[in-house]
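K.L.:
Got a structure here, written out as structure tokens. Questions coming.
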Amino acid sequence: MILVNYLAAGALFCIGLYTVLTRRNLIKMIMGLSLMESSTYLLLISMAYRKRSTAPVLLNPPNGLTPTQLAHGDVADPVLQNFCLTAIVIGVAVTAVFLTVAVRLSQHHRTLDSDRIRDLRG
Amino acid sequence: MTASPGQPAAEAVRAERHEQEPTHRPVIGLVIVIGFAAVLALAFVHLPREQAPLPAAARYATQIAIPKWGTTEPVNEVVYGSRGFDTFGETYLLLAAVVCVTMLSRPKEPRLGFIGEEAAGQKEQSEDDPSSGGGHADAREAEAAETDDDQRTDVITRRPTPDWQPLGQFGPERSRAMTVIVRVAARLATPILAVGGVYLAAWGYSPGGGFPAGAVIAGVALLVYAAFGYDKVARIVRPGVIEPIELAGALAIITCEALGLVLKGSFSANWIPLAPLETIRAGGILQVFSGSELVEVGTGLVLVIFAILGMGHDWTPDEADDQ
């Protein structure tokens with residue numbers, strides 16, 4: 004039942020979205036964004052899964068198959084695994100940018116409360 | 485909710501923990517999230533399930549991995565081959581993020597020693613814009629700061645500003661080494677992790693190659709920093725060393741991809757003769773790209789993490805000190 008994975012990814016995304024929309028602490032908002040990112044990883048990996056398939060590695064194929072035979076058979080989706088892989092690295096980098104901005108904002112405004120940081124308002 | 489003086493400290497802490505956290509329009513947020521969840525649920529019900537056939541792009545990637553790229557790892561073929569141009573762009577997105585973090589986290593001036601910019605410029609600032617809040621006291625301080633080095637120290641003594649902190653202190657805050665148990669464990673784990681990280685990229689049988697390998701190498705640097713303190717990594721982990729290495733990795737990726745355009749007429753095309761399967765040279769340019777990505781990701785993550793760790797310099801004086 005891969006649908007359970009999909010719904011879990013959706014639930015994680017919604018929890019992250021709710022955190023971003025309703026929390027005023029910048030660190031918690033960044034944690035919400037990270038949760039949303041993580042939900043996409045779960046969704047991509049779940050979408051790549053195929054029942055009774057092997058990992059997309061054509062090395063030492065099972066049941067006496069050759070790698071070429073395995074390539075035409077059932078393996079998990081390598082394109083979606085690739086998306087997940089690069090998304091993780093980019094997610095780390097983007098989270099680092101968010102955290103850096105949060106640290107500078109907290110140093111400048113002496114608070115992490117987004118409602119009290121109003122210099123850009125109006 | 486506050487604890488009375490007679491209450492034990494533990495109860496006071498527990499009472500503080502349940503303090504209401506300020507939120508921002510929770511009802512509107514809940515309505516938006518419920519609406520979004522309904523849209524997601526509808527979309528997810530129609531997503532392909534585990535019995536669905538592989539998409540054409542995935543079948544194509546698995547079928548060309550061996551004949552065209554000489555690799556038994558289709559994920560690597562997609563990352564560095566079929567979608568090489570996309571990975572190229574993502575790599576420079578990572579580089580852009582590193583540049584952003586480096587810019588935002590840098591100290592005010594890359595010079596060592598106190599030079600008093602904050603006080604020195606206020607005289608001109610108040611002349612140019614009297615409403616800027618410079619004030620006469622600040623102007624006098626500016627004059628004092630400009631006349632004599634000793635008086636600058638007096639300014640500091642009387643009113644601490646961010647300039648009080650020594651400038652040009654790149655790199656993380658100083659940390660102390662951890663206990664002998666942690667240090668011994670780190671000594672054992674570090675070489676294994678480092679070799680394992682390089683192996684992930686070098687042998688090319690791991691999905692992603694340089695991406696996870698770079699993350700492992702960054703983790704090794706963090707482990708050494710946490711276990712032994714900053715002094716042990718200070719000679720290597722500093723922007724003057726890491727940034728050129730990272731840019732060399734970026735240059736290697738550009739060169740590798742551009743040579744495909746020059747030699748084979750297509751950006752990201754394979755221009756290296758294919759080696760036998762399951763050897764260290766198998767995969768053509770996949771291995772070169774993966775190795776360069778190892779350098780790029782590893783150094784990029786190290787720069788980002790240590791830049792954030794080293795953000796000790798404050799830019800704005802505390803309002804309480806201004807009064």
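Protein chains in written order, with the working numbering: chain A, 4 to 125; chain B, 485 to 807. Note that the Cβ used here is the ideal one computed from N, Cα and C, for glycine as well.
Could you check whether the segment 706–713 of chain B touches the segment 93–111 of chain A, counting it as contact only if at least three pairs of C-beta atoms, one from each stretch, sit closer than 8 angstroms?
P.N.:
The segment 706–713 of chain B vs the segment 93–111 of chain A: no contact.
K.L.:
For chain B, check one thing: does any of its Cβ atoms lie closer than 8 angstroms to the Cβ of A:V7?
P.N.:
No - not a single Cβ of chain B is within 8 angstroms of the one on A:V7.
K.L.:
So is B:R567 in contact with chain A if we call contact Cβ pairs under 8 angstroms?
P.N.:
Yes, because at least one Cβ of chain A sits closer than 8 angstroms to the Cβ of B:R567.
K.L.:
CB-CB under 8 angstroms to B:R667, same chain, minus the five flanking residues each way: which ones, in chain order?
P.N.:
Taken in chain order, the residues that qualify are A661, A711 and F712.
K.L.:
Check the DSSP bridge columns for A:T57 and list the partner residues they point to.
P.N.:
According to DSSP, which records beta bridges pairwise, A:T57 is partnered with A:V78.
K.L.:
Using only CA atoms, which one of A:L6, A:F86 and A:H111 lies nearest to B:E534?
P.N.:
Residue A:L6 is the option with its Cα nearest to B:E534.
K.L.:
Taking DSSP as the reference, what is the three-state secondary structure of B:T663?
P.N.:
Note: B:T663 maps to coil in three-state DSSP.
K.L.:
My understanding is that A:L20 touches B:V517, with C-beta atoms under 8 angstroms, so please give their C-beta distance in whole angstroms.
P.N.:
The pair is a contact, with the Cβ atoms about 5 angstroms apart (cut-off 8 angstroms).
K.L.:
State yes or no: is the C-beta of B:L785 within less than 8 angstroms of the C-beta of B:A718?
P.N.:
Contact: no.
K.L.:
With hydrogens ignored, establish whether the beta-carbon of A:C17 is closer than 7 angstroms to any heavy atom of the ligand ZN.
P.N.:
What this structure holds is no ligand at all, so the ligand ZN is not there to describe.
K.L.:
Can you give me the Cβ contacts of A:M4 inside the same chain, cut-off strictly under 8 angstroms, excluding the 5 residues immediately before and after it?
P.N.:
So no residue of the chain qualifies.
K.L.:
In whole angstroms, give me the CA-to-CA distance for A:F101 and A:V92.
P.N.:
Cα-Cα distance, rounded: 15 angstroms.
K.L.:
Please tell me whether B:L735 and B:G554 are closer than 8 angstroms, where the distance is taken between their beta carbons.
P.N.:
Against a cut-off of 8 angstroms, the Cβ pair of B:G554 and B:L735 comes out as no contact.
K.L.:
Considering only the alpha carbon of each residue, which of B:F572, B:L578, B:Y576 and B:P532 lies closest to A:V83?
P.N.:
Val is not the amino acid found at residue 83 of chain A; the sequence shown has Leu there. The shortest Cα separation from A:L83 among B:F572, B:L578, B:Y576 and B:P532 belongs to B:P532.
K.L.:
Taking all protein chains shown into account, decide if B:P614 is buried (16 or more other Cβ within 10 angstroms of its Cβ) or exposed.
P.N.:
Exposed.
K.L.:
Might you give, ordered along the chain, the residues of its own chain that have their beta carbon closer than 8 angstroms to the beta carbon of B:D634, omitting 5 neighbours on each side?
P.N.:
Because the pLDDT of B:D634 is 45, which lies under 50, any placement of that residue in the model is unreliable, and the number read from its coordinates should be weighed accordingly. Nothing meets the Cβ criterion.
K.L.:
Going by other Cβ atoms of all chains shown within 10 Å of its Cβ, with 16 needed for buried, is A:R55 buried or exposed?
P.N.:
The residue in question, A:R55, is exposed, as its Cβ has fewer than 16 Cβ neighbours within 10 Å.
K.L.:
Just checking: is the beta-carbon of A:M50 within a distance shorter than 8 angstroms of some beta-carbon in chain B?
P.N.:
Closer than 8 angstroms: yes.
K.L.:
If I follow the unbroken alpha helix (DSSP H) through B:Q606, where does it start and stop?
P.N.:
Its alpha helix (DSSP H) spans residues Q606 to D612.
K.L.:
With the cut-off set at 8 angstroms, would you say B:L787 and B:I726 are in Cβ contact?
P.N.:
A contact, by the Cβ cut-off of 8 angstroms.
K.L.:
Taking all protein chains shown into account, do 16 or more other C-beta atoms lie within 10 angstroms of the C-beta of B:G724, making it buried, or fewer, making it exposed?
P.N.:
Under this definition B:G724 is an exposed residue.
K.L.:
Below 9 angstroms on C-beta distance, what does B:R509 contact in chain A?
P.N.:
Per Cβ cutoff of 9 angstroms: L24 and T25.
K.L.:
Per DSSP, which one or two residues make a beta bridge with B:D570?
P.N.:
According to DSSP, which records beta bridges pairwise, B:D570 is partnered with nothing at all.
K.L.:
Shorter than 8 angstroms from the beta carbon of A:L20 to some beta carbon of chain B?
P.N.:
Closer than 8 angstroms: yes.
K.L.:
Name the two residues that bound the continuous alpha helix (DSSP H) containing B:Y714.
P.N.:
Where B:Y714 is concerned, the enclosing alpha helix (DSSP H) stretches over Y714 to V717.
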